[in-house]
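Heads up, the thing below is written out as structure tokens.
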Amino acid sequence: MKKAVILTKFFIYDKLKERINFNEQCEVIVLPVIKKITVQKKNKERYNIFFENGNEEAYAFSVSEDVLLKHQLMKGKELSEADMQEIFFREEIQKAYNQAINFLSYRMRSEKEVYQHVTEKGYSIDIVKEVIVRLKNNQFINDREFAMSFVRTQINTGDKGPKVINGVLKEKGINVEIIEEAVSLFSPELQLEKAEKLCRKWIQKKKQSSLPKLKLDLQAMLVRKGYVGGIANQAIGIALEDVDEDQEWNAIVVQGEKAWNKYHLQENGARRLKVKQFLFRKGFPLELIDRFLAEKQSENF
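According to this note's numbering, the sequence shown is numbered sequentially starting from 1214.
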């Protein structure tokens, strides 16, 4: 006589009772036996499992090829409640694993990124942990390789400095030791070279700024990009060597003319004072401001 289990304890009863004509008034049920296994038409890597149902067969569930082989599912095999629980659990792991692989197919990801992605898909923590272990064993995720690749990409194609890179890697769950090792690829020489290029590009866009204002803007820009301390100061100093007196004079002329026209309704004395205050707020030195005002004064005679 075949082993029986109590219906209230049978794990898959609720899943199968609509597919197989079990008698709900019966207190016991024999363990299901696999009647047939077929390959799905649209997905050759998945298999449909059919159980015996009297003299007929009834579709029960489908499994991946990995689960089929792991549990040695074959015609005539009897499945216990524990077997079914394990099969369904492994099926969920396989589904979650496939979604993780698809997520990784677009670019490298950190372990934290994959963990969050699979969790957001609604899988339990136990399943997510199993997926992470499998991905790591198969070398699909490796935080050290991810961090190294990320820094190299920033060096070759990006403009972010070490401080910003450090912060991004922390957000992605990379531990401090790996971050330090990866960021060390970004040598001080490379940092200075990139910071200097950023400064020169900025200067070209801000030709109408005073030298003091330009320095402040460059410092703020480099901080946002992740370059700080000595590297930033050195880069600014080198880049500003090309900013001569003529460029600053041209800048004050542009700004001064704007102010001079803005306050054209003011009396001459008040107008000169307003323009002087305007240019001073822009960061221009007093000697250049006085020179500009003197030239404007001479134009009126």
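All C-beta atoms, glycine included, are put in the ideal place defined by N, C-alpha and C.
Taking only the alpha-carbon atoms, compute the straight-line gap between residue i and residue j and give it to the nearest angstrom.
{"i": "Val1364", "j": "Arg1357", "result": "11 Å"}
{"i": "Met1297", "j": "Lys1288", "result": "15 Å"}
{"i": "Pro1425", "j": "Arg1494", "result": "11 Å"}
{"i": "Gly1374", "j": "Lys1349", "result": "29 Å"}
{"i": "Lys1248", "j": "Val1346", "result": "34 Å"}
{"i": "Leu1506", "j": "Arg1485", "result": "7 Å"}
{"i": "Glu1520", "j": "Ser1362", "result": "The structure shown does not extend to residue 1520, since the chain is modelled only from 1214 through 1514, so no value can be given for it."}
{"i": "Asn1388", "j": "Glu1294", "result": "42 Å"}
{"i": "Glu1470", "j": "Leu1427", "result": "19 Å"}
{"i": "Ala1217", "j": "Lys1290", "result": "Confidence is the limiting factor: at Ala1217 the pLDDT is only 33, short of 50, which leaves the residue's position unreliable and the question unanswerable from this model."}
{"i": "Asn1315", "j": "Gly1442", "result": "42 Å"}
{"i": "Val1381", "j": "Glu1343", "result": "26 Å"}
{"i": "Cys1412", "j": "Ala1452", "result": "6 Å"}
{"i": "Val1241", "j": "Asn1351", "result": "Residue confidence is low: Val1241 scores 47 on pLDDT, short of 50, so the model does not pin down where it sits. Its coordinate-derived value is still stated next. Going from the Cα of Val1241 to the Cα of Asn1351 covers about 44 Å."}
{"i": "Lys1438", "j": "Lys1475", "result": "36 Å"}
{"i": "Phe1264", "j": "Tyr1319", "result": "40 Å"}
{"i": "Ser1422", "j": "Phe1359", "result": "41 Å"}
{"i": "Phe1274", "j": "Ile1262", "result": "5 Å"}
{"i": "Arg1504", "j": "Leu1492", "result": "12 Å"}
Tell me, to the nearest whole angstrom, how far the beta carbon of residue i is from that of residue j; I am working on the premise that it is less than 8 Å.
{"i": "Ile1300", "j": "Val1327", "result": "The pair is not a contact, with the Cβ atoms about 24 Å apart (cut-off 8 Å)."}
{"i": "Ile1444", "j": "Pro1401", "result": "6 Å"}
{"i": "Pro1245", "j": "Leu1292", "result": "5 Å"}
Any idea what DSSP makes of residue i, helix, strand or coil?
{"i": "Lys1248", "result": "strand"}
{"i": "Ser1318", "result": "coil"}
{"i": "Val1344", "result": "helix"}
{"i": "Glu1265", "result": "strand"}
{"i": "Ser1362", "result": "helix"}
{"i": "Glu1270", "result": "strand"}
Might you give, ordered along the chain, the residues of its own chain that have their beta carbon closer than 7 Å to the beta carbon of residue i, omitting 5 neighbours on each side?
{"i": "Gln1312", "result": "Val1331, Lys1334"}
{"i": "Asn1256", "result": "none"}
{"i": "Leu1403", "result": "Ile1368"}
{"i": "Leu1473", "result": "Residue identity check: residue 1473 is Trp in the sequence provided, not Leu. The answer, listed in chain order, is Val1488, Lys1509."}
{"i": "Lys1325", "result": "Lys1385, Gly1386"}
{"i": "Asp1548", "result": "Here the chain comprises residues numbered 1214 to 1514, so residue 1548 is not present and cannot be evaluated."}
Using 6 Å as the cut-off, classify the Cβ of residue i as near or not near the heavy atoms of the ligand NAD, replying yes or no.
{"i": "Met1287", "result": "Judged by which ligands are present, the structure shown has none, so any question about the ligand NAD falls away."}
In chain order, what residues of the same chain have a beta carbon less than 6 Å from the beta carbon of residue i, not counting five sequence neighbours either side?
{"i": "Ile1340", "result": "Glu1305, Ile1306, Ala1309"}
{"i": "Phe1353", "result": "Leu1317"}
From the beta carbon of residue i, is the nearest beta carbon of chain C less than 7 Å away?
{"i": "Ser1277", "result": "Among the chains of the structure shown, chain C does not appear; only one protein chain is present."}
Checklist line | Within the segment 1388-1459, ranges of the beta strand (DSSP E) (whole runs, at least 3 residues) | finding: If you keep only unbroken beta strand (DSSP E) runs of at least 3 residues inside the segment 1388-1459, you get nothing at all.
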